[in-house]
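Read the structure below first, then the notes.
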Amino acid sequence: MALTVSLWQVIKKGAGMDLSLVIPCFNESDSIDQMRAQLNAIRPELARRGSFELVLVDDGSTDDTYERLKAAFADWEHVQIARHERNRGLGAALRTGFAHARGEVIVVTDSDGTYPFTTIPAMLDMMTPDVDIVTSSAYHPQGGVEGVPAYRLLFSQGASLIYRLLVNRHIHTYTAMYRAYRRRVIEQVPPTLEGYVVMAEILVNALLAGYHVVEYPAVLHVRKFGQSKAKIWRITKSHLRFQAHILRRRLAGLLRAAPVTTGRVK
């Protein structure tokens, strides 16, 4: 079925951007005030670094997320708010966000405050000319978790361990959503899967394509506002299917991996 997307924009000048912030949202009405406050706090720093835009994707929310997003960010110089007519999941939301993003660097992050928006400048500091992806890593020795339920950690850490064994590279966290990408990465290894497993798909395929990945040690917080929509068992099954696909490739002798380096806390 075709994906219907409506778009609300405030674009005041220029076509290209140095940076795009892509934030998928689903029934996040309760999160928007906090999101706006944190993003406004880093606007001066982002402006100092170059041109930037905000790309918000309302993935078929049934509350007033779309209207509240328009009201909250109408004063931003460059903002696009795309809206799906119905909920299609994270994979579709990312594809829509990437399709509208104009930045040479694209930062994707959660809308719920699990990783503070105020850490975006520190992540961008690690995007040196030789780096293609900076991925947040709560499971890095210098990262951490605060208030996250044990069952969620078990599933997430277990999934990352299996990916690490399959891909044979020592990335600590394969499942994080919070990342910075060079545009060329998304153009060359576009996401195809649905749901949360899409984050592992992007990272694994980028590694196999030879892109340079560094980890940004970060603290994963329990959701700061709103309610989680993640269905752990459904997510786990999708990871197992993708991991089986990787294993088949490995057994067929088709798997290769690129060098990976690990970032350090500054």
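246 is the number that our numbering gives the last residue of the sequence shown; the numbers go up by one with no jumps. Backbone N, C-alpha and C fix where the C-beta goes; we use that ideal spot for every residue, glycine too.
CB of residue i within 9 Å of CB of residue j, strictly
{"i": "Ala52", "j": "Met15", "result": "yes"}
{"i": "Leu49", "j": "Gly30", "result": "no"}
{"i": "Pro171", "j": "Phe32", "result": "no"}
{"i": "Thr89", "j": "Ile3", "result": "yes"}
{"i": "Thr45", "j": "Phe6", "result": "yes"}
{"i": "Arg162", "j": "Ile215", "result": "no"}
{"i": "Ala198", "j": "His150", "result": "no"}
{"i": "His201", "j": "Tyr95", "result": "yes"}
{"i": "Glu174", "j": "Gly40", "result": "no"}
{"i": "Gly(-4)", "j": "Glu126", "result": "no"}
{"i": "Val166", "j": "Ile61", "result": "Note on residue identity: the sequence assigns Ile, not Val, to residue 166. No, the Cβ-Cβ distance between Ile166 and Ile61 is not below 9 Å."}
{"i": "Met103", "j": "Tyr176", "result": "no"}
{"i": "Leu34", "j": "His58", "result": "yes"}
{"i": "Val147", "j": "Val194", "result": "no"}
{"i": "Phe135", "j": "Ala180", "result": "no"}
{"i": "Ile22", "j": "Pro101", "result": "yes"}
Chain B contact for residue i (CB, 9 Å cutoff)
{"i": "Ala118", "result": "Here there is only one protein chain, and chain B is not present."}
Cβ distance (whole Å) where residue i is taken to contact residue j below 8 Å
{"i": "His64", "j": "Asp38", "result": "7 Å"}
Three-state class that DSSP yields for residue i in the structure shown
{"i": "Ser218", "result": "helix"}
{"i": "Gln60", "result": "strand"}
{"i": "Thr155", "result": "coil"}
{"i": "Gly83", "result": "strand"}
{"i": "Met(-3)", "result": "strand"}
{"i": "Gly77", "result": "helix"}
{"i": "Phe53", "result": "helix"}
{"i": "Ser11", "result": "helix"}
{"i": "Arg230", "result": "helix"}
{"i": "Ser31", "result": "coil"}
{"i": "Val165", "result": "helix"}
{"i": "Ser116", "result": "strand"}
{"i": "Phe205", "result": "Confidence at Phe205 is low in this model, with a pLDDT of 48, below 50, so its placement is unreliable and the value that follows should be read with caution. Here Phe205 sits in coil by DSSP."}
{"i": "Leu141", "result": "helix"}
{"i": "Leu187", "result": "helix"}
{"i": "Glu65", "result": "coil"}
{"i": "Gly123", "result": "coil"}
{"i": "Asp105", "result": "helix"}
{"i": "Glu174", "result": "coil"}
{"i": "Ala160", "result": "strand"}
{"i": "Val147", "result": "helix"}
{"i": "Pro96", "result": "coil"}
Given residue i as reference, the closest of the options once Cα atoms are compared
{"i": "Gln168", "options": "Tyr176, Arg23 and Ile182", "result": "Ile182"}
{"i": "Ser140", "options": "Ala118, Val128, Arg159 and Gln122", "result": "Ala118"}
{"i": "Ile226", "options": "Ala54, Tyr143 and Ala17", "result": "Tyr143"}
{"i": "Ala186", "options": "Asp13, Arg159, Gly175 and Ala224", "result": "Arg159"}
{"i": "Gln18", "options": "Thr99, His58 and Met(-3)", "result": "Thr99"}
{"i": "Leu26", "options": "Glu8, Ser9 and Trp56", "result": "Trp56"}
{"i": "Asp43", "options": "Ser11, Asn20, Gln122 and Gly138", "result": "Ser11"}
{"i": "Asp92", "options": "Leu188, Asp13 and Tyr131", "result": "Asp13"}
{"i": "Trp20", "options": "Ala130, Arg66, Ala54 and Arg75", "result": "The residue you asked about is not Trp; residue 20 is Asn in the sequence shown. Among Ala130, Arg66, Ala54 and Arg75, the Cα nearest to that of Asn20 belongs to Ala54."}
{"i": "Gly123", "options": "Gln137, Asp110 and Gly69", "result": "Gln137"}
{"i": "His219", "options": "Val111, Leu188 and Val178", "result": "Val178"}
{"i": "Pro109", "options": "Gly69, Asn67 and Arg164", "result": "Arg164"}
{"i": "Glu8", "options": "Glu47, Arg132 and Leu1", "result": "Glu47"}
{"i": "Val111", "options": "Arg68, Pro129, Lys217 and Gly190", "result": "Gly190"}
Closer than 8 Å: residue i CB and nearest the ligand ATP heavy atom
{"i": "Val178", "result": "Annotation note on the ligand ATP: not contained in the displayed structure, which lists no ligands."}
Specify whether the stretch 148 to 155 and the stretch 79 to 88 touch according to this definition: at least 3 beta carbon pairs, one from each stretch, less than 8 Å apart.
-> The answer is no - the stretch 79 to 88 does not touch the stretch 148 to 155, with fewer than three Cβ pairs under 8 Å.
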